[in-house]
Every structure is written in structure tokens, then in C-alpha cells.
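Participant: For the sequence shown, the residue numbers in UniProt numbering are 1 to 269.
For glycine and all other residues, C-beta sits at the position ideal for the given N, C-alpha and C.
Below are the C-alpha cells for one structure; questions will follow.
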Amino acid sequence: MKDKRVLYVSSEVIPYLPETEISSMSFEAPRMINNNDGQIRIFMPRYGNINERRHQLHEVIRLSGMNLVINDLDMPLIIKVASIPKERIQVYFIDNEDYFKRKATYADEEGNFYKDNDERAIFFAKGVIETVKKLNWAPDIIHVHGWLASFLPLYLRNYYGNEPLFENSKIVTSVYNQGFEGTLAKNTIDKVRFDAIDDDVIADLEEPNYVNLMKIAIKNSDAIIVGSEEIPKELEEYLNNLEKPVLKYHNMENFSQAYLDFYRSKVLK
Numbered sequence: 001m002k003d004k005r006v007l008y009v010s011s012e013v014i015p016y017l018p019e020t021e022i023s024s025m026s027f028e029a030p031r032m033i034n035n036n037d038g039q040i041r042i043f044m045p046r047y048g049n050i051n052e053r054r055h056q057l058h059e060v061i062r063l064s065g066m067n068l069v070i071n072d073l074d075m076p077l078i079i080k081v082a083s084i085p086k087e088r089i090q091v092y093f094i095d096n097e098d099y100f101k102r103k104a105t106y107a108d109e110e111g112n113f114y115k116d117n118d119e120r121a122i123f124f125a126k127g128v129i130e131t132v133k134k135l136n137w138a139p140d141i142i143h144v145h146g147w148l149a150s151f152l153p154l155y156l157r158n159y160y161g162n163e164p165l166f167e168n169s170k171i172v173t174s175v176y177n178q179g180f181e182g183t184l185a186k187n188t189i190d191k192v193r194f195d196a197i198d199d200d201v202i203a204d205l206e207e208p209n210y211v212n213l214m215k216i217a218i219k220n221s222d223a224i225i226v227g228s229e230e231i232p233k234e235l236e237e238y239l240n241n242l243e244k245p246v247l248k249y250h251n252m253e254n255f256s257q258a259y260l261d262f263y264r265s266k267v268l269k
């Protein structure tokens, strides 16, 4: 992977959030690329429960200040950055007062799913892409982890389809057993439609549940990695009929060589 550029876009990364399959792999995979002479960038949302002082986050003024249009509203984009201690790894944080100041990730203290999680996901996808454009950093691979990041393949392939920086980028989506109950807002599809993305591309968003979100991410990806030992049955069957490279599940102890081989021989071929 010498000098190959891999962009990791994740809804969770340790040490900033508790340990899960997603947050752990979103740290271990970039570290593995680092150790194999690749170049990495990691992006995640700046949730309000991330302790900025303890993790030494600071705003990157030259990258902040842009407004992103979400469902016909201008939402200011703030970019923060931090370094993971003892690692040569920087993490970029997508922030916005309205979407990410609240002191939790996906749901309030009573466990109620945030009603604007769909807008937060759209904002995150656009924010990552716009920031990478500002960095002028063309990734060879974009590896997506977690449902809050799952709009990125859709937006990169459709909304930003003519962006020259990404014309040779390959998208890999990891599918986990870490989703959500119920659906996003019923009008999620209208908010994506607002960005002039064709109806046939987003038909699955008529019912914006976890499985359908992942199906849309998979359709707009070049390759898939199964990130959990068990995933929803419907997604398992969907992947079995897919004519794209799929890497079966590998646990944290033995994923490194499998991921490297998959990146090299199936994704970058």
C-alpha cells in the first residue's frame, strides 16, 4: 500500500467514542495502512459527548466557514482536528452547532432517536467531501463505516459525480450489525430529492430503515466488507447476489492481511 491514499469515513472512532466493532475497526484499519506506508485521512462527526479539552480538538480555520445547503437551509460547516496519542494519526471532525452540539450520538437520554438524524447524515457526507476537496487530497480508496456515514457513497457518485478529484477513487463500504430500530424521518427521501438525485437511485429511501440505507450505500460502492460475524439476514442475502467484490467477515485479530489483500487485488485492480 506504499503511498496509496485511503480516506476513512466513519460514524464512530476510538478513542473518541466507546469501543464498538465500528469504532475499533475505524481505528485499527487506518493504523494498519499507516504501518504499510500508505497515507490516510479519517473523518467522523464531532458529537457533543466528545470531550474537546481532553482530546485536544481544535478548529481548522482555513477549512471551516463554508455553508452547506441541507433541505433548503444554509448550515455552517466547522472543521476540527485532533491527533490520536502515540499514533501518527490525525482525525478530522465535521461539526455544526445545530446538528452535533447535543450531548449524545444518535438518541437522547430517553433513547429517542433524533428526528433529524437523516439531515445529520447528509450534512456529514457533504461536509467530508467538501473538506477533502479543500485539502485537494485525491483518495485511491474511500472506506465507509457506520450508518451515519452511509450517505457518502450515494452523494459522491451522484451529487458530486463530476468532481475530478474523486474520478479514480474506489468506494468500499463495511456492513455491520450495528444499525437502528425503526426508520429515519419519513420525508428523508424528499431531502435527498432536493439535491436533484434521481428517484430511481433513491427508491429504497421510501422506507429509510437501516437495511435500506445500507443497500443504497452498497449500490454506490465498488466493493463491500462484512464487518460483523452476523449481519441482518436481508443484507446477507443481498450480498450473496451481488456482482461486486465482497470480503467475508474477519475478526480484529486476523483482519490485517485480508484487508490489505482485498484492497490491493479486488479494489485497486
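Exposed or buried, Lys215, counting other C-beta atoms within 10 Å across all chains shown (16 or more means buried)?
Facilitator: Counting from one through the sequence shown, the residue named residue 215 turns up at place 215. Flag for Lys215 reads buried.
Participant: Three or more C-beta pairs under 8 angstroms: does that hold for the segment 173 to 193 against the segment 117 to 128?
Facilitator: Yes, the segment 173 to 193 touches the segment 117 to 128.
Participant: Does chain C have any CB closer than 8 angstroms to the CB of Leu17?
Facilitator: Among the protein chains of the structure shown there is no chain C, as only one such chain exists.
Participant: Out of curiosity, what's the CA-to-CA distance linking Ile78 and Pro232?
Facilitator: Residue mapping note: residue 78 aligns to position 78 of the sequence shown, counting from 1. Residue mapping note: residue 232 aligns to position 232 of the sequence shown, counting from 1. Distance between the alpha carbons of Ile78 and Pro232 is about 35 angstroms.
Participant: How is the alpha helix (DSSP H) around Gln257 delimited, first residue to last?
Facilitator: By one-based count along the sequence shown, residue 257 stands at place 257. Where Gln257 is concerned, the enclosing alpha helix (DSSP H) stretches over 255 to 262.
Participant: How would you write the range of the alpha helix (DSSP H) that Phe124 sits in, first residue to last?
Facilitator: Numbered from its first residue, the sequence shown carries residue 124 at position 124. That run of the alpha helix (DSSP H) goes 117 to 135.
Participant: For the segment 48 to 57 against the segment 21 to 34, do three or more pairs of beta-carbon atoms, one drawn from each stretch, fall closer than 8 angstroms, so that the two count as touching?
Facilitator: No, they do not touch.
Participant: For Thr173, report the span of its beta strand (DSSP E) as first-last.
Facilitator: Looking up residue 173 in the sequence shown gives position 173. Here the beta strand (DSSP E) through Thr173 covers 170 to 175.
Participant: Identify the residues that DSSP records as bridge partners of Val144: which are they?
Facilitator: Sequence index remark: in the sequence shown, residue 144 carries index 144 (1-based). According to DSSP, which records beta bridges pairwise, Val144 is partnered with Val9, Thr173.
Participant: So Tyr47 and Ser26 are in contact, right, with Cβ under 8 angstroms, and what is the actual spacing, rounded?
Facilitator: Residue 47 sits at position 47 when you count from the first residue of the sequence shown. Residue 26 sits at position 26 when you count from the first residue of the sequence shown. Their Cβ separation, rounded to whole angstroms, is 14 angstroms, which puts Tyr47 and Ser26 out of contact at 8 angstroms.
Participant: Using DSSP with H/G/I as helix, E/B as strand and the rest coil, what is Met1?
Facilitator: Here the question's residue 1 lines up with position 1 in the sequence shown. Three-state DSSP puts Met1 in coil, outside helix and strand.
Participant: Could you tell me which of Glu59, Arg41, Leu235 sits nearest to Gln178, measuring between CA atoms?
Facilitator: By one-based count along the sequence shown, residue 178 stands at place 178. That would be Leu235, whose Cα lies nearest to the Cα of Gln178.
Participant: Looking at C-beta atoms only, is the number of pairs between the segment 30 to 47 and the segment 60 to 69 that lie closer than 8 angstroms three or more?
Facilitator: Verdict: no, contact absent.
Participant: Can you list the alpha helix (DSSP H) stretches of 4 or more residues lying completely in the segment 222 to 251, in chain order?
Facilitator: If we require 4 residues or more, the alpha helix (DSSP H) runs fully inside the segment 222 to 251 come out as 233 to 240.
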